[in-house]
Amino acid sequence: MGVGIEVTNLNAWYGATHTLQDINLNIPPNQATALIGPSGCGKSTFVRCINRMHETNPIARVTGTVRIGDLDIYEDAKPVEIRRRVGMVFQRPNPFPTMSIYDNVASGLKLNGYSNRRALDEIVEKSLRNSALWEEVKDELKKKSGASLSGGQQQRLCIARALAVDPEVLLMDEPASALDPVSTSKIEDLIFELKSQYTIVIVTHNMQQAARVAEKTGFFLNGRMVEFDSTHKIFTNPSDKRTEDYITGRFG
Amino acid sequence: MASGLAILATILVILPLVAIFVYLIYMGASSLNLAFFTQIPKPVGVSGGGMANAIVGSAIILALSSILGVPIGISGGIFLAEFGRGTKLANAIRFTADVLNGVPSIVMGIAVYALVVKPQGHFSAFAGGVALGIMMIPTITRTTEEMLLMVPHAIREAALGLGVPNWRSVLSITLKTASPGIITGCMLAFARVAGETAPLIFTVLGNSFWSTNINQPIAALPLQIYVFAISPYDDWHRLAWAGALVLIILIVLAVSLVRYVTSRGVMKGAS
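Going down the list, the protein sequences come from chains A and B.
At position 2 of the first sequence the residue is numbered 1232 (our numbering), and the sequence of numbers has no breaks.
At position 252 of the second sequence the residue is numbered 474 (our numbering), and the sequence of numbers has no breaks.
Take a look at the structure:
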């Protein structure tokens, strides 16, 4: 089951650049939450703070608290433990090129020392079914490389790979921006399916996409969160002038 | 015009290789027979004989040098690319490797003579393996580093994002993704030292008889070729040509074998 995310006074820096300023936000469990805003507004940095990927960059720094369920992720746990509970799907599909489809999905478990073969088989099938890829690849699981799939299939493979470690939260950083419209709609259908089991945070440039998949939407601008509300309200009756300007296409 | 020049340049590049190979076959092929691969050199004046001991000796020395050079070289490359990036130690190692790459091979022989042969009190296959192994390290280290740096950042992020510890991700993901290039680097280093003669003069000395003891002087193909080639006897000259031909063929075979074995595990459609 998904859990809620509670962000308090989050600040983040890249070197001297203050990329996130005083973010306060409650992301509800088992819903999709969309983050929109112009390029460089800090929305990607924000999701990378939720699974502590931000700090993999040596010049990056974070202050503030992020609670996932009962867990204060910057106090109570190591980054690797957080990342197993908070899966991530990146902008460009990034399957491991040397691995088969099967091994790609199993990689998160195998690399963490899990080796029960029968259980792995089950998890791989379940994850691929959950990411709506099973029917397309089931005959060539161990024969074909993950890199030989089409872009849309690769992205669903990456989703399956993230699901296989059984996270509670799924972060998606512009997961469809490198895909064609058909693949994009498959990913969106998938987000709809996955909401029942996971808390989903999706960064997107595409406002229609936010409107289609998300219950809640946050608008980021220049490292600050301008407005956070139900998606319906953000797109029909935003409280802030800047949000309205952005969604009506007056800038960004 | 441009493509004509490119074709001309390609021919100029390939020509010396083909010329050497054709000439070696012309001079050496006639002396190749079963005896060449099964017998040791005959004394002066006795016809026949072969280089069986030198072929086996070279194999032993190269195996020793690879056991020493490949793991150290690859570990060094991993350190430079993954763990020591930007540190003073890494810069010092990179500089040292580049300098080591430029050290004349005869100097390497003398150095190992002083460091291994002298203290031990005798020439040995082991000392030769050390000399050639050290010569392999800088090439392997620098290629490994470059190949690791070419692995896309997205792939490292994918592994980290799954909660895989950094060291595990480096060993199981980054290194594996870069492995075709790293293997090429190892093969280049191997082929380069396989033909080295000068460092062996000071370390393995050479041996006209059978020996597979790594603590004793041992025969080696390049050394045997050298000894036969500077001798005044025609049949020895012919054996030297045959030895050179065999050396090249063995290097090509070893490189192809490694490539074949390591490419079998690669998936359909990978990279």
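Glycine is no exception: its CB is placed at the ideal position from the N, C-alpha and C atoms.
What you are looking at is a predicted structure, and each value in this text was computed from that prediction instead of being measured.
Going by beta carbon distance, what residues of the same chain come within less than 7 Å of valine 1307 of chain A, once the five residues before and after it are set aside? The amino acid occupying residue 1307 of chain A in the given sequence is alanine; valine does not appear at that position. Leu1301, listed in sequence order.
Between the CA atoms of alanine 1264 of chain A and serine 1361 of chain A - distance to the nearest angstrom: Rounded to the nearest angstrom, the two C-alpha atoms are 19 Å apart.
Applying the 10 Å Cβ sphere with the 16-neighbour rule, what's the burial state of phenylalanine 305 of chain B? Looking at its Cβ environment, which holds fewer than 16 other Cβ atoms inside 10 Å, phenylalanine 305 of chain B is exposed.
Hey, does threonine 1286 of chain A have any beta-carbon neighbour from chain B nearer than 8 Å? Threonine 1286 of chain A counts as touching chain B.
In chain A, which residues lie with their C-beta within 8 Å of the C-beta of isoleucine 277 of chain B? For the C-beta of isoleucine 277 of chain B, not a single chain A residue is nearer than 8 Å; the gap to the nearest is close to 35 Å.
Please state the DSSP three-state secondary structure of leucine 290 of chain B. Here DSSP, grouped into helix, strand and coil, assigns leucine 290 of chain B to helix.
State the Cα-Cα distance for the pair histidine 459 of chain B and leucine 422 of chain B, rounded to the nearest angstrom. Using only the alpha carbons, I get a separation of about 20 Å.
Nearest-angstrom Cα separation, counted from proline 454 of chain B out to alanine 312 of chain B: Using only the alpha carbons, I get a separation of about 51 Å.
Run down chain B in chain order and give the residues with a C-beta less than 7 Å from the C-beta of valine 1395 of chain A. From the beta-carbon of valine 1395 of chain A, the residues of chain B found nearer than 7 Å are Leu384 and Gly385.
With DSSP collapsed to three states, give me the class of arginine 486 of chain B. Three-state result, arginine 486 of chain B: coil.
Which of the residues in the region 1259 to 1284 of chain A, read from start to end, lie with their CB under 9 Å from any CB of chain C? Looking for chain C here will not work: the only protein chains present are A and B.
Decide if arginine 1347 of chain A is buried, meaning its Cβ has at least 16 other Cβ atoms within 10 Å, or exposed. By the 10 Å Cβ count, arginine 1347 of chain A comes out exposed.
Segments assigned alpha helix (DSSP H), at least 4 residues, entirely inside the region 1247 to 1316 of chain A: Annotation: the region 1247 to 1316 of chain A contains the following complete segments of the alpha helix (DSSP H) (minimum length 4 residues), in chain order: 1273 to 1280 and 1309 to 1315.
How many angstroms separate the CA atom of glycine 417 of chain B from the CA atom of proline 444 of chain B? About 6 Å.
Please list the segments of the alpha helix (DSSP H) lying wholly inside the region 440 to 473 of chain B, counting only runs of 4 or more residues, in order along the chain. Here the runs fully enclosed are 443 to 451.
Find out if the Cβ-Cβ distance for the pair isoleucine 1235 of chain A, valine 1296 of chain A is shorter than 8 Å. Using a Cβ distance threshold of 8 Å, isoleucine 1235 of chain A and valine 1296 of chain A count as a contacting pair.
Taking just the CA atoms, how far does alanine 1336 of chain A sit from methionine 1437 of chain A? Going from the Cα of methionine 1437 of chain A to the Cα of alanine 1336 of chain A covers about 33 Å.
Could you compute how far the alpha carbon of leucine 354 of chain B sits from the alpha carbon of isoleucine 283 of chain B? Looking at the backbone, the Cα of leucine 354 of chain B and that of isoleucine 283 of chain B are separated by about 8 Å.
Taking the alpha-carbon positions, what's the alanine 1262 of chain A to leucine 1420 of chain A distance? Spanning the two alpha carbons is a distance of roughly 11 Å.
I want to see whether chain B comes within less than 8 Å of glutamate 1311 of chain A, judged by CB atoms only; does it? Yes, its Cβ sits closer than 8 Å to a Cβ of chain B.
Tell me the DSSP secondary structure of threonine 1447 of chain A in three-state form. Secondary structure at threonine 1447 of chain A: strand, using DSSP grouped into helix, strand and coil.
Taking three-plus beta-carbon pairs below 8 Å as touching, is the region 386 to 403 of chain B in contact with the region 1405 to 1412 of chain A? By the criterion of at least three beta-carbon pairs nearer than 8 Å, the region 386 to 403 of chain B is not in contact with the region 1405 to 1412 of chain A.
Determine which residues of the region 1321 to 1350 of chain A have a Cβ less than 8 Å from any Cβ of chain B, and write them out in chain order. For the region 1321 to 1350 of chain A, which is checked against every Cβ of chain B, the residues closer than 8 Å are Arg1322, Asn1324, Pro1325, Phe1326, Pro1327, Thr1328, Met1329, Ser1330, Ser1337, Gly1338, Leu1341 and Asn1342.
At least one CB of chain B closer than 8 Å to the CB of arginine 1291 of chain A: is that the case? Arginine 1291 of chain A is outside the set of residues whose beta carbon lies under 8 Å from a beta carbon in chain B.
Could you say which of B/Thr318, B/Met357 and B/Leu239 lies nearest to alanine 411 of chain B if we only look at CA atoms? If we check each option's Cα against that of alanine 411 of chain B, B/Met357 comes out closest.
Between the Cα of tryptophan 432 of chain B and those of B/Gln261, B/Ile362, B/Ile405 and B/Ile328, spot the shortest distance and give me the residue it belongs to. For tryptophan 432 of chain B, the nearest C-alpha among the options comes from B/Gln261.
Below 8 Å, how does it come out for the region 254 to 272 of chain B and the region 335 to 347 of chain B: are there three or more Cβ pairs, yes or no? Fewer than three beta-carbon pairs drawn from the region 254 to 272 of chain B and the region 335 to 347 of chain B are found closer than 8 Å, and the two stretches are therefore not classed as touching.
Could you check which residue in B/Asn437, B/Asp457, B/Gly272 and B/Ser253 has the C-alpha nearest to that of glycine 497 of chain B? Residue 497 of chain B lies beyond the range of chain B shown here (223 to 493); nothing can be said about it.
Does the distance from the CB of phenylalanine 345 of chain B to the CB of valine 415 of chain B come in under 8 Å? Not a contact, by the Cβ cut-off of 8 Å.
Under a three-way DSSP split, which group does proline 360 of chain B fall into? Three-state result, proline 360 of chain B: helix.
Measure the beta-carbon distance from asparagine 1324 of chain A to isoleucine 377 of chain B and round it to whole angstroms, keeping in mind my assumption that it falls under 8 Å. At roughly 6 Å, the Cβ-Cβ gap stays under 8 Å, so asparagine 1324 of chain A and isoleucine 377 of chain B are in contact.
Our contact map puts threonine 1429 of chain A next to asparagine 1260 of chain A with C-beta atoms below 8 Å; I'd like the distance itself, whole angstroms only. About 6 Å separates the Cβ atoms of threonine 1429 of chain A and asparagine 1260 of chain A, confirming a contact at the 8 Å cut-off.
Please give me, in chain order, every unbroken run of the alpha helix (DSSP H) with length at least 4 that falls completely inside the region 235 to 291 of chain B. For the region 235 to 291 of chain B, whole alpha helix (DSSP H) runs of length 4 or above, ordered along the chain, are 256 to 260.
Considering only residues of the same chain and omitting the five flanking positions on each side of alanine 224 of chain B, which have a CB-CB separation below 8 Å? Nothing meets the Cβ criterion.
Can you give the beta carbon distance from isoleucine 1191 of chain A to alanine 1440 of chain A, rounded, assuming they're within the 8 Å contact cut? Only positions 1231 to 1482 of chain A appear in this structure, which leaves residue 1191 of chain A out of reach.
Could you compute how far the alpha carbon of serine 493 of chain B sits from the alpha carbon of glycine 407 of chain B? Any reading at serine 493 of chain B needs caution, since the residue's pLDDT is 45, under 50, leaving its predicted position unreliable; the model's value is listed next. Taking the Cα positions, serine 493 of chain B is about 19 Å away from glycine 407 of chain B.
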